[in-house]
Amino acid sequence: MPIRVYNSLTQKKETLKPLKKGKVGMYVCGITAYDVCHLGHARAAVNFDVIYRYLRQNGLDVTYVRNYTDIDDKIIKRSQETKMPWQELTQRYIAEYQEDMLLLNVLTPTLEPKATDHIPQMVEGIQKLIEKKKAYEANGSIYYSVRAFKDYGKLSHKNIEELEAGSRVEIDETKKDPLDFALWKAAKPGEPTWDSPWGPGRPGWHIECSAMSTHYLGMPFDIHGGGRDLIFPHHENEIAQAEGTGSKKFCGYFLHNGHVNINAEKMSKSLKNFKTIKEVAAEHTPEVVRFFLLSVHYGSPLDYTEKNMQDAKAACDRIYLLEQRLETIPPAKKAGPPQPKGELEKALAKSLKDLDKKFKTAMDDDFNTAAALGAIFETVRLYNKYLDARGGETTPFAQWARERWEAQRECYHQALGILGLKSSDYFAQWKKAGAQTKKIEVAWVEKKIKEREEARRQKDFKKGDVIRGELSGCGVELKDRPDGTTEWHFR
RNA sequence: GGCGCGGUACCCAAAUGGGAAGGGAGCAGUCUGCAAAACUGCGAUGAGCCGGUUCGAUUCCGGCCCGCGCCUCCA
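With numbering that gives the first Met the number 0 applied, the first sequence covers 0 to 490.
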């Protein structure tokens with residue numbers, strides 16, 4: 000089954016055809032390392048992580064490059080404000096980002112190049128553009144001559160005349176045309192600089208990505224990704240830079256993820272309406288954060304609200320609660336044949352069988368994680384239904400079904416990066432998070448539960464219920480098991 | 001103003017030219033000492049509005065309204 004992707008370049012869903020059989024080159028714009036990252040950055044990282052994972056699961060040899068921008072205006076500004084050398088600043092936030100990625104179970108890309116390690120490649124690229132009359136020098140800076148590139152606007156589907164008409168670009172006298180953008184910025188006092196044929200200076204923002212992507216992946220390469228907000232001007236300019244030097248195509252498929260909104264507005268640093276990855280993960284657990292990010296198609300906007308996070312938790316709980324039930328079924332010594340008997344077993348066996356197909360169909364269709372999760376829940380319901388009816392006894396079918404489910408779950412885990420925890424670990428994450436946000440000691444809860452158990456043993460149900468009420472008021476939910484023990488979790 | 005994306009039940013959210021998955025919330029029930037969880041049942045005769053194409057449209061086309069994003073740094 001072919002994988003189809005929505006290509007921003009053509010604005011259509013297309014079959015993904017790798018340039019080299021069995022291999023995919025993918026470049027995704029990473030972060031500018033000058034501050035901590037928020038949920039919006041997490042979304043981009045997680046979405047492309049899923050794409051990376053899924054392509055690999057389909058046997059493709061993916062070279063995944065995700066860069067770090069470690070020199071730009073914001074970095075310089077922040078460095079001056081904080082009196083921290085820019086190298087130290089960027090190193091610090093790259094490290095923070097890597098912690099965030101680890102937290103969210105994002106795989107490390109094949110390569111994570113930094114802009115400042117590729118100045119020669121950028122200089123070389125700029126030189127070529129000058130040779131091709133696509134760029135010019137002005138006061139030690141080099142600008143791209145946008146009008147010299149006839150395909151300018153083909154990604155963002157803008158045309159130059161209209162851009163100019165509605166231009167909000169501030170007039171810069173050194174540029175020949177307001178639309179032109181800097182490839183190389185002449186040194187200013189106190190700023191980090193590199194030598195170049197045009198004197199000391201530093202690269203513009205866009206050149207690093209076309210330089211690094213083509214350096215590592217060649218030209219053309221298969222997939223270029225990033226947030227929607229990068230379509231213009233960043234990716235548009237990358238195309239101009241890469242394709243301006245010749246007739247070769249830059250990249251076949253541009254994939255863009257939607258933004259994370261908060262109160263129906265884009266989450267962003269400048270609006271100060273962001274939640275950092277660490278904040279959200281501490282409050283809602285990394286697993287649920289990731290689940291939340293995958294509960295919607297990657298191209299659509301996603302609203303961060305307390306309600307939506309709770310819904311995501313409830314949904315995610317549902318899967319881990321099933322897991323908890325299944326853990327009581329002893330694993331089979333040998334993987335016997337299913338031999339389903341009765342309607343429920345047959346229905347479950349069929350559902351398990353169909354699920355792989357449904358999952359694949361959903362994922363093949365532009366990585367539709369929302370639909371894939373939907374399919375999983377259909378099976379979860381049938382599984383619970385079967386378990387309710389089964390009684391406690393261990394049958395070969397129950398063991399077969401468990402093994403089958405675990406194997407499938409592992410496959411979905413590989414692709415999505417969620418649903419891979421032991422249920423006890425998942426709920427332990429919640430106890431930790433709940434204890435923090437609700438300011439309740441886990442030990443205190445457990446002491447209360449012991450008191451209640453004692454009361455119940457003495458048939459003092461009234462006292463037991465009082466304790467439960469007390470705990471419930473603190474957001475602690477109890478679940479009495481048949482064996483007399485009590486499981487608990489934060490609501 | 002230009003370009004792009006979207007408007008599906010109380011909320012979130014998929015698919016689809018033949019009449020709408022899934023999750024949450026709600027109500028009723030089964031189970032449980034009581035709960036919780038789970039399960040069962042109920043819930044859009046209609047998909048922003050209006051036209052058109054079609055035997056048939058939520059799905060295609062056109063218009064309108066509304067929201068969001070980009071056009072300046074941005075995942």
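The beta carbon of each residue, even a glycine, is placed where N, CA and C say it ideally should be.
Let me know the secondary structure DSSP gives Y63 once reduced to three states. strand
According to DSSP, is R490 helix, strand or coil? coil
Is it buried or exposed for S246, if we count other Cβ within 10 angstroms and need 16 for buried? exposed
Classify M25 as helix, strand or coil using the three-state DSSP reduction. strand
Quick check on the DSSP output: the beta strand (DSSP E) that includes E13 runs from which residue to which? First-last of the beta strand (DSSP E) with E13: K11 to T14.
Leaving out five residues before and five after I261 in sequence, what residues of the same chain have Cβ atoms less than 6 angstroms from its Cβ? N272 and Y303
DSSP state of G468, grouped into three classes? Helix.
Quick one: what's got a C-beta closer than 6 angstroms to A388's C-beta in the same chain, skipping five residues either side? L343
For F253, does the three-state DSSP call read helix, strand or coil? strand
Rounded C-alpha distance that separates D60 from T173: 46 angstroms
Whether M266 touches L103 by CB criterion (8 angstroms): no
Taking one C-beta from the region 248-258 and one from the region 367-387 each time, how about it: are there three or more such pairs within less than 8 angstroms? With a cut-off of 8 angstroms, the region 367-387 and the region 248-258 do not count as touching, because too few Cβ pairs lie within range.
Judging by CA-CA distance, which residue of K20, Y135, K131 and K153 is the nearest neighbour of S7? The candidate whose alpha carbon is nearest that of S7 is K153.
Do you know whose CA, among I375, K437 and D459, lies nearest S471's CA? Minimum Cα distance to S471 is reached at K437.
Check K202 in the structure and name its three-state DSSP category. In the sequence on display, residue 202 carries Pro and not Lys. Assignment of P202 by DSSP, reduced to helix, strand and coil, places it in the strand class.
With 16 other Cβ atoms within 10 Å as the buried cut-off, status of L372: buried
Between the C-alpha atoms of T157 and Y63, what's the straight-line distance to the nearest angstrom? In the sequence under discussion, the amino acid at residue 157 is Lys, which differs from the Thr named in the question. So the alpha carbons of these two residues sit roughly 29 angstroms apart.
Among the residues of its own chain, which have a CB less than 6 angstroms from the CB of Q120, if the five just before and after it don't count? A210 and H214
Under the three-state reduction of DSSP, which class applies to L182: helix, strand or coil? In this structure, L182 counts as strand in the three-state DSSP scheme.
Assuming L293 and T368 are in contact, meaning their beta carbons sit under 8 angstroms apart, how far apart are those beta carbons, in whole angstroms? 4 angstroms
In three-state DSSP terms, what is L18? When secondary structure is reduced to three states using DSSP, L18 falls in the coil class, being assigned neither helix nor strand.
Bounding residues of the alpha helix (DSSP H) (the contiguous stretch that carries K449): V441 to R456
Where H117 and I70 are concerned, what is the direct C-alpha to C-alpha distance, given to the nearest angstrom? 11 angstroms
Rounding to the nearest angstrom, what Cα-Cα distance links I93 and A32 in this structure? 6 angstroms
State the Cα-Cα distance for the pair I492 and K16, rounded to the nearest angstrom. As displayed, the chain neither begins before 0 nor continues past 490, which places residue 492 out of reach and without an answer.
Span separating the alpha-carbon of K312 from that of Q86: 39 angstroms
In the structure shown, what three-state DSSP assignment does R3 receive? strand
Range of the contiguous alpha helix (DSSP H) that encloses F426: From DSSP, the alpha helix (DSSP H) with F426 extends over S422 to T436.
How long is the line joining the alpha carbons of K20 and V27, rounded to whole angstroms? 21 angstroms
Below 6 angstroms CB to CB, which residues in the same chain sit around V287 once its five sequence neighbours on both sides are set aside? Its chain contains A311, K312 and C315 as the residues whose beta carbon lies nearer than 6 angstroms to that of V287, once the 5 sequence neighbours on both sides are disregarded; these appear in chain order.
Please state the DSSP three-state secondary structure of H156. coil
Spatial neighbours of E235 within its chain, please: C-beta separation below 6 angstroms, excluding the five flanking residues on both sides. By the criterion of a C-beta distance shorter than 6 angstroms, E235 is surrounded in its chain by L154 and S155, once the five residues flanking it on both sides are discounted.
Which ranges would you report for the alpha helix (DSSP H) in the region 376-416 if only whole runs of at least 4 residues count? 395-415
Residue ranges of each alpha helix (DSSP H) run of no fewer than 4 residues wholly in the region 61-108, ordered along the chain? With a minimum length of 4 residues, the continuous alpha helix (DSSP H) runs that stay inside the region 61-108 are 72-81 and 85-102.
Sequence-distant residues of the same chain with beta carbon closer than 6 angstroms to E237, five excluded per side: Non-local beta-carbon contacts of E237 in its own chain, meaning distances under 6 angstroms to residues more than five positions away in sequence, involve H205, C208 and S209 in chain order.
Unbroken beta strand (DSSP E) runs of length 3 or more, entirely within the region 225-280: which are they? Complete beta strand (DSSP E) runs here, min 3: 250-256 and 259-261.
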